[in-house]
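Residue numbers (my numbering): 1 to 500.
The structure under discussion appears below in the form of structure tokens.
Okay, structure coming up:
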């Protein structure tokens with residue numbers, strides 16, 4: 001029962017005079033009260049806004065009754081506004097009903113943003129305090145390309161975005177003509193264009209866009225929604241489904257790339273104050289050998305079904321790589337003794353995503369069959385920017401000269417060592433950077449299915465000499481803003497329809 005007569009009167013007036021629904025009136029009014037709390041100088045009182053949101057949730061639950069739907073049980077189109085969405089919650093969304101989402105926290109390079117991109121859901125991650133500004137029933141525009149959220153847009157803005165949406169649909173249809181064409185430059189240099197996938201269901205999208213294979217099969221989804229550790233058979237079935245579907249094309253399976261803070265069935269370190277620099281990725285796997293062996297056994301078994309490669313993430317030292325390879329060798333030996341078939345020459349690769357790996361790459365190339373540059377983490381660790389923190393999101397920039405020098409060095413050392421090098425981060429999926437990467441010597445891209453045709457369009461519109469000139473000029477510039485502007489201008493010359 002509402003005991004505050006002023007609040008009750010306000011709600012009744014909104015419903016009676018303005019013809020608002022009870023749910024909308026409750027939401028709008030309580031969020032205005034929450035905004036007042038957040039504006040107070042006292043940190044303690046400002047944090048009480050959370051209590052207001054809890055009251056709103058309870059009242060809406062009573063008002064809506066059974067009509068209130070869980071995110072994984074939607075039956076009609078919605079736009080989701082949330083303080084935060086975890087990668088597992090994002091992975092559970094149904095793209096048929098979720099037209100887009102906005103979160104207050106996070107960053108454009110966060111795992112949540114990556115999962116959304118892979119699922120084709122427009123998203124703005126890390127928009128700041130927004131929930132107090134928006135109530136159910138209001139019109140909202142989510143511009144995932146520019147990272148913008150427009151609340152209650154005027155007619156002119158709505159018309160402009162509708163026009164842009166129509167143009168995007170028209171462009172997508174024109175790009176469809178490239179699906180069966182080779183990814184090669186004007187001067188006939190063949191470029192491998194592989195797919196990044198988060199879930200087995202994305203294989204069809206890769207096929208539809210003429211993928212040369214899977215350059216990055218993320219396996220985190222097996223853990224994110226699990227209350228217990230996935231069994232070997234759960235792993236194997238997920239890998240086997242993709243390997244069979246690719247019909248002999250390469251499938252690069254990356255081992256677990258999460259921290260203990262994301263896995264409910266693992267003990268969380270008591271002093272894990274900075275998970276980005278803590279027990280995550282290959283470090284976590286090497287600390288939990290049974291977990292690691294379970295995944296490796298499934299990957300090795302799947303290698304009997306097709307062209308499989310295994311890749312270790314976040315390698316920072318030679319010792320880590322050698323330990324991971326030793327565990328893999330033990331697993332292969334055990335399976336051989338049990339008479340299990342597998343590819344005894346299973347290619348082994350590593351992610352290059354920390355500066356120490358870049359600096360020591362001349363040693364690493366003698367120990368692996370291939371490398372893949374993970375630009376998301378490489379940007380994060382090079383620039384000391386938490387890619388999931390909205391407060392420093394502006395510093396997370398793929399065009400920073402320091403990042404580009406690390407990429408240039410990695411490609412050069414790999415090519416000199418005769419080791420194939422791929423780039424699988426978000427940077428490789430942006431047409432803005434395609435000419436630069438080609439000019440630096442990259443001949444293998446791994447991108448989400450949705451970006452594949454755009455990247456192929458740029459590849460087929462340029463020559464290698466042209467790209468080398470672009471790269472040389474870009475590497476001579478001193479800051480990210482100049483470099484990004486220059487690259488966008490060069491993109492306009494060869495593919496104006498793709499330029500931002």
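A virtual CB, placed ideally from N, CA and C, is assigned to each residue, including glycine.
Please read all numbers here as calculations on a predicted model, not as lab measurements.
- Message: Using CA atoms only, rank isn't needed, just tell me which of 138, 131, 374 and 202 is closest to residue 119.
- Response: 202
- Helix, strand or coil: which one does DSSP assign to residue 308? strand
- Do the CB positions of residue 115 and residue 390 come within less than 8 angstroms of each other? no
- Query: Would the beta-carbon of residue 223 fall within 8 angstroms of that of residue 256?
  - Reply: In this structure, residue 256 lies closer than 8 angstroms to residue 223 by Cβ.
- Query: Would you call the segment 224-237 and the segment 289-309 touching, i.e. three or more CB-CB distances under 8 angstroms?
  - Reply: Output reads yes: the segment 289-309 touches the segment 224-237.
- Can you name, in chain order, every residue of its own chain whose Cβ lies under 8 angstroms from the Cβ of residue 490, other than the five neighbours on each side? 435 and 470
- Query: CA-CA distance, residue 282 and residue 37?
  - Reply: One alpha carbon belongs to residue 282, the other to residue 37, and they sit about 43 angstroms apart.
- For the candidate residues 337, 400 and 415, whose alpha-carbon lies nearest to that of residue 475? 400
- Query: Do you know offhand how far residue 241's Cα is from residue 305's?
  - Reply: One C-alpha to the other measures close to 10 angstroms.
- Residue nearest to residue 178 in terms of C-alpha spacing, selected from 455, 499 and 359: 455
- Message: One question on the structure: do residue 365 and residue 358 come within less than 8 angstroms of each other, judged by their Cβ atoms?
- Response: No, they are not a contact pair.
- Message: To the nearest angstrom, how far is the alpha carbon of residue 447 from that of residue 375?
- Response: So the two alpha carbons sit approximately 12 angstroms from each other.
- Message: Under DSSP, the beta strand (DSSP E) around residue 143 begins and ends at which residues?
- Response: Membership of residue 143 in the beta strand (DSSP E) is indicated by the continuous run 140-143.
- 8 angstroms Cβ cutoff met for residue 253 and residue 332: Not in contact: residue 253 and residue 332 (Cβ atoms no closer than 8 angstroms).
- Item | Residue from 141, 147, 275 and 167 whose Cα sits closest to the Cα of residue 155 | Its Cα nearest to that of residue 155, the residue 141 stands out among 141, 147, 275 and 167.
- Using the Cα positions of residue 425 and residue 388, report the straight-line distance between them to the nearest angstrom. 15 angstroms
- Query: What first and last residue would you give for the beta strand (DSSP E) that runs through residue 350?
  - Reply: Run containing residue 350: 348-352, per the beta strand (DSSP E) assignment.
- Item | Per DSSP, cross-strand counterpart(s) of residue 217 | 197 and 253
- Taking all protein chains shown into account, do 16 or more other C-beta atoms lie within 10 angstroms of the C-beta of residue 481, making it buried, or fewer, making it exposed? With fewer than 16 other Cβ atoms within 10 Å, it is exposed.
- Query: Which partner residues does residue 467 have in the DSSP bridge list?
  - Reply: None; residue 467 has no bridge partner.
- Alpha carbon to alpha carbon, how far is residue 219 from residue 360? Rounded to the nearest angstrom, the gap between the Cα atoms of residue 219 and residue 360 is 27 angstroms.
- Query: Who are the Cβ neighbours of residue 414 in its own chain at under 8 angstroms, not counting the five residues just before and after it?
  - Reply: 361, 365, 371, 420 and 421
- By how many angstroms is the C-alpha of residue 423 removed from the C-alpha of residue 186? 21 angstroms
- Message: Could you tell me which whole beta strand (DSSP E) segments of length 3 or greater appear in the segment 274-347?
- Response: Listed in chain order, the complete beta strand (DSSP E) runs (minimum 3 residues) inside the segment 274-347 are 308-312.
- Where residue 117 and residue 164 are concerned, what is the direct C-alpha to C-alpha distance, given to the nearest angstrom? 19 angstroms
- residue 90 burial status per 10 Å Cβ neighbour count (16 or more: buried): buried
- Task: Kindly provide the ranges of any alpha helix (DSSP H) runs that are 4 or more residues long and lie completely inside the segment 164-211, ordered along the chain.
- Result: 203-208
- Just how far apart, CA to CA, sit residue 204 and residue 122? 20 angstroms
- Query: residue 501 by DSSP, collapsed to three states: which one?
  - Reply: With the chain covering 1 to 500 only, the question about residue 501 has no answer from this structure.
- Message: For residue 172 and residue 290, what's the separation of their Cα atoms in angstroms?
- Response: 45 angstroms
- Take the Cβ of residue 227 as the centre, count every other Cβ of all protein chains shown within 10 Å, and call the residue buried at 16 or more, exposed below. exposed
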